[in-house]
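Chains as they are written, first to last, in the working numbering: chain A, 1 to 386; chain B, 1001 to 1258. Inspection log for the structure reproduced underneath, given as structure tokens.
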């Protein structure tokens, strides 16, 4: 059996509390997990959950107060973009400096320099002081250096958020390739769909503790449930209880699908017996990982009038073929009540829709298609001049 | 173990050193001219005030050369301590974001002072010839003096760097302490002026034979005595040992306190 890349046992980090309080704050409490070789693992949790502290312990920036982490192989830690960059130095000088700080020898950087510049799309700007760079260029070069570190274990904190969307996609694809070549990745992001895209497994942290360790979709579902119960934010007034079923199954936090499959969503809603019948509009929204709306269907757009009657109602939306490209999406329903005396605006839980498929397409939709080829040798043989 | 880690990080050391040197004079109009001005101007002032006005003894050399040779060694020490000692505070972000052998940062920052030393040394030699003198054969000992001075300064700088990560007081105290050290060393005045009764105490300052030895090598002034060298060697070794222990202890949880 291959050894683990990281084996963490009982990691704990305490900081002294406010002066005079005499107390200690536990940023990370008794966290244990294993990371396998070539495994891509997400780490999710709210701000202050202890994610960054855990990464700092694993990358040896700080020592744990208790517990220990065994790390097998070189760690490349990207806890910020452009580690060690100095504004007065050029991109070229900073590439060598940052590379060395991250653990590359001068010779490593020499051999990978062209690849780094190409990946970062720097062009001639590489010989300009980085203080003149845009934040996007700065982030691209910073990530490109770290991406070419070729560590056994790559630790990435929320650093992709600074780049633009095509670059984020490129970074994710690059990390995906690294895992295929045996690099283990520990990835922290608030972009849950990016975590779902890259990782097979995820840890959820809350209040310094590890509260979930398992398949990525289940982890995201767990995290979202915890968010919904703890943040106390009312999502609009809901005079009705709604239960969603997808393809006949009670809606779990994650649903798997394939391109061009059908999708049926039922929303069972109990309306109080003494309440008046209410006209409403049902919306189905599907969003991509970068927040673009991929699908938005409205019940009134093709003239369907929906009315919420007292008692049990079932609202249904059926999509015969959903031509979404493979990837992860958020799906939810929005109920809008049209009664001016009692307006309703209510969203269901967001469900992770994981559309399976081998290839990661740039395209959001993947219609049924085929390519063809025809040739006419005789037509091409005709000499136009004669 | 830790020495091996340092050795394996020599590329990073070289790059950090290069960075320190490059950024020092970027966006300055005079650039390297500053390196020449820094020791020369105080040496001229001292030569005028103490040499011409007060007519203090200078071991038979022109007072300008006498003072400048003192400032070259003292400057190497002070500049190294200063740069190394403030390195963690200046680059705290680096320490909290990434692991690397912590000692590298003060060592590289402090070593950048060698550039200033080489330039001011060249200025001194030029002035020696300009004033119609010539360095003695003792000039061969200059690399040794420089090496001992910078080793001493780097050790002190390491300790101050780690301590000032905990308490900024240490960084604030450095310029003050260096000022005191200037007056406690034979930089602007000659050893002849130090009363014989306090010489043993005075010679515990490890900079004393370094400055005297350098001056003797360059200008042919009297060399430091054997007992002076021995006393300074003992205190110097003690300072280095204590400083390294302090660094090892105080640099353990750097990222948490910086």
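Yeah, the Cβ is synthetic: ideal placement off N, Cα and C, and Gly gets one too. Quick caveat, the model's predicted, so the values are computed rather than measured.
Within chain B, partners of residue i - CB distance below 7 Å
i, result
"residue 106(A)", "1011"
"residue 100(A)", "1011, 1012 and 1015"
"residue 97(A)", "1015 and 1019"
Strand pairing of residue i, partner residues [DSSP]
i, result
"residue 187(A)", "42(A) and 156(A)"
"residue 283(A)", "298(A) and 334(A)"
"residue 261(A)", "322(A)"
"residue 203(A)", "43(A) and 213(A)"
"residue 346(A)", "335(A)"
"residue 355(A)", "257(A) and 327(A)"
"residue 129(A)", "90(A)"
"residue 306(A)", "280(A)"
"residue 7(A)", "34(A) and 70(A)"
"residue 271(A)", "311(A)"
"residue 317(A)", "265(A)"
Test: residue i CB closer than 8 Å to a CB of chain C
i, result
"residue 186(A)", "Absent here is chain C; the protein component of the structure consists of chains A and B."
Neighbour list for residue i in chain A, Cβ cutoff strictly below 8 Å
i, result
"residue 1255(B)", "56, 61 and 62"
"residue 1023(B)", "86, 88 and 89"
Exposure of residue i, with buried meaning 16 or more beta-carbon neighbours within 10 Å
i, result
"residue 1143(B)", "exposed"
"residue 236(A)", "A caution first: residue 236(A) carries a pLDDT of 39, below 50, which makes its placement in the model unreliable, though a value can still be read off. Looking at its Cβ environment, which holds fewer than 16 other Cβ atoms inside 10 Å, residue 236(A) is exposed."
"residue 279(A)", "exposed"
"residue 240(A)", "Note on residue 240(A): pLDDT 45, under 50, position unreliable in the model; the coordinate value appears next. Buried: at least 16 other Cβ atoms inside 10 Å."
"residue 1215(B)", "buried"
"residue 1167(B)", "exposed"
"residue 219(A)", "buried"
"residue 389(A)", "No statement about residue 389(A) is possible, as the shown extent of chain A runs from 1 to 386 and does not include it."
"residue 179(A)", "buried"
"residue 234(A)", "Summary for residue 234(A): the model assigns pLDDT 36, below 50, so the residue's position carries little reliability, and this model does not support an answer."
"residue 15(A)", "exposed"
"residue 387(A)", "The first residue shown for chain A is 1 and the last is 386, placing residue 387(A) beyond what the model contains."
"residue 1124(B)", "buried"
"residue 1260(B)", "It is not possible to answer for residue 1260(B), since the shown part of chain B is limited to 1001 through 1258."
"residue 1120(B)", "buried"
"residue 168(A)", "buried"
"residue 96(A)", "buried"
"residue 99(A)", "buried"
"residue 13(A)", "buried"
"residue 376(A)", "exposed"
"residue 345(A)", "exposed"
"residue 50(A)", "buried"
"residue 217(A)", "buried"
"residue 249(A)", "exposed"
"residue 1238(B)", "exposed"
"residue 137(A)", "buried"
"residue 1100(B)", "buried"
"residue 386(A)", "A caution first: residue 386(A) carries a pLDDT of 47, below 50, which makes its placement in the model too unreliable to give a value."
Amino acids of chain B, ordered along the chain, whose beta-carbon sits closer than 9 Å to that of residue i
i, result
"residue 15(A)", "1256"
Chain A residues whose Cβ lies nearer than 7 Å to that of residue i
i, result
"residue 1100(B)", "101"
Quick one: which residues of the segment 1077 to 1098 of chain B get their C-beta closer than 9 Å to a C-beta of chain A? List them in chain order. 1091, 1093, 1094, 1095, 1096, 1097 and 1098
Contained alpha helix (DSSP H) runs [length at least 4] in the segment 68 to 115 of chain A, N- to C-terminal order: 91 to 102
Residues from the segment 76 to 91 of chain A in contact with chain B, defined by Cβ distance under 8 Å: 77, 79, 80, 83, 84, 86, 88 and 89
Taking only runs of the alpha helix (DSSP H) that begin and end inside the segment 1097 to 1147 of chain B, which ones reach a length of at least 4 residues, in chain order? 1104 to 1111 and 1113 to 1130
Going residue by residue through the segment 1153 to 1213 of chain B, where are the continuous alpha helix (DSSP H) segments of at least 4 residues, counting only ones entirely within it? Annotation: the segment 1153 to 1213 of chain B contains the following complete segments of the alpha helix (DSSP H) (minimum length 4 residues), in chain order: 1169 to 1183 and 1199 to 1202.
Ignoring anything shorter than 4 residues or poking outside the segment 1002 to 1057 of chain B, list the alpha helix (DSSP H) runs there in chain order. Within the segment 1002 to 1057 of chain B, the complete alpha helix (DSSP H) runs of at least 4 residues fall at 1002 to 1008, 1010 to 1024 and 1033 to 1046.
Inside the segment 1218 to 1258 of chain B only - alpha helix (DSSP H) runs reaching at least 4 residues: 1226 to 1250 and 1254 to 1257
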